[in-house]
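Asks:
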Amino acid sequence: MTPQYLNKSHVEKEKYVANLLAKKWNCKVEHQHKFSSYDCIAHRSQDPLAFVELRVLNYKYYDLDSIMISLTKLIAGRQQTEITGIKSLFVVHWAKSQDTGWIDVNNIVQEKPDFRVTLKNTNRLNAPEEIEVCRYIPTSRFNIIGDNFL
């Protein structure tokens, strides 16, 4: 797996979103940096409810037409769900509008999947010279977080 270059600010933003999810879903949402390819596990009474990949964007909800997720994360989501039967969710928090949405990575409804190779030297967590294949998911496909999802 590619090493990520996380800084304190990034980790704090993810913790904020994890706490928001925990309140909305009435469960714990805890980071598992060393033990999973997804950022967090949502669980209640130690029963796992969902694997959660978090993304915090410094945009408003309607600023971007689509949100990318790496093929590596999609493969991991499929594998962990096939093995466990537990959902794999991609959760995006749009910081400028304080909107938070989710999509089940194994149930993305899209007429034609949009896969692209990322550009080098973009402002991402990978090393500047790296590229990867990502799927671009229309923002409109995300479910805005409400109460009692899980």
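All residue numbers for the sequence shown refer to this note's numbering, where the first residue is -8 and numbers rise by one.
Ideal Cβ placement from N, Cα and C applies to all residues, glycine included.
Quick caveat: nothing in here was measured; it's all calculated off a predicted structure.
What number of angstroms, rounded off, separates the C-alpha of S36 from the C-alpha of M59?
Replies: 32 Å
Asks: What do you reckon, are the CB atoms on G92 and I135 nearer than 8 Å?
Replies: yes
Asks: List the whole-angstrom C-beta distance separating I96 from L65, where the pair is believed to meet the contact cut-off of C-beta under 8 Å.
Replies: Looking at the sequence itself, residue 96 is Val, so the reference to Ile does not match. The beta-carbon distance between V96 and L65, rounded to whole angstroms, is 6 Å. This is short enough to meet the 8 Å contact definition.
Asks: For V82, count neighbouring C-beta atoms within 10 Å of its own C-beta (all shown protein chains included) and say buried if the count is 16 or more, exposed if not.
Replies: buried
Asks: If you draw a straight line from the C-alpha of I105 to the C-alpha of V124, how long is it?
Replies: Residue identity check: residue 105 is Asp in the sequence provided, not Ile. Looking at the two C-alpha atoms, the distance is approximately 10 Å.
Asks: Roughly how many angstroms lie between the CA atoms of W16 and V100, to the nearest whole one?
Replies: Cα-Cα distance, rounded: 23 Å.
Asks: Can you tell me which of the three DSSP states F140 falls into?
Replies: Because the pLDDT of F140 is 49, which lies under 50, any placement of that residue in the model is unreliable, and the number read from its coordinates should be weighed accordingly. In this structure, F140 counts as coil in the three-state DSSP scheme.
Asks: For G92, report the span of its beta strand (DSSP E) as first-last.
Replies: 90 to 95
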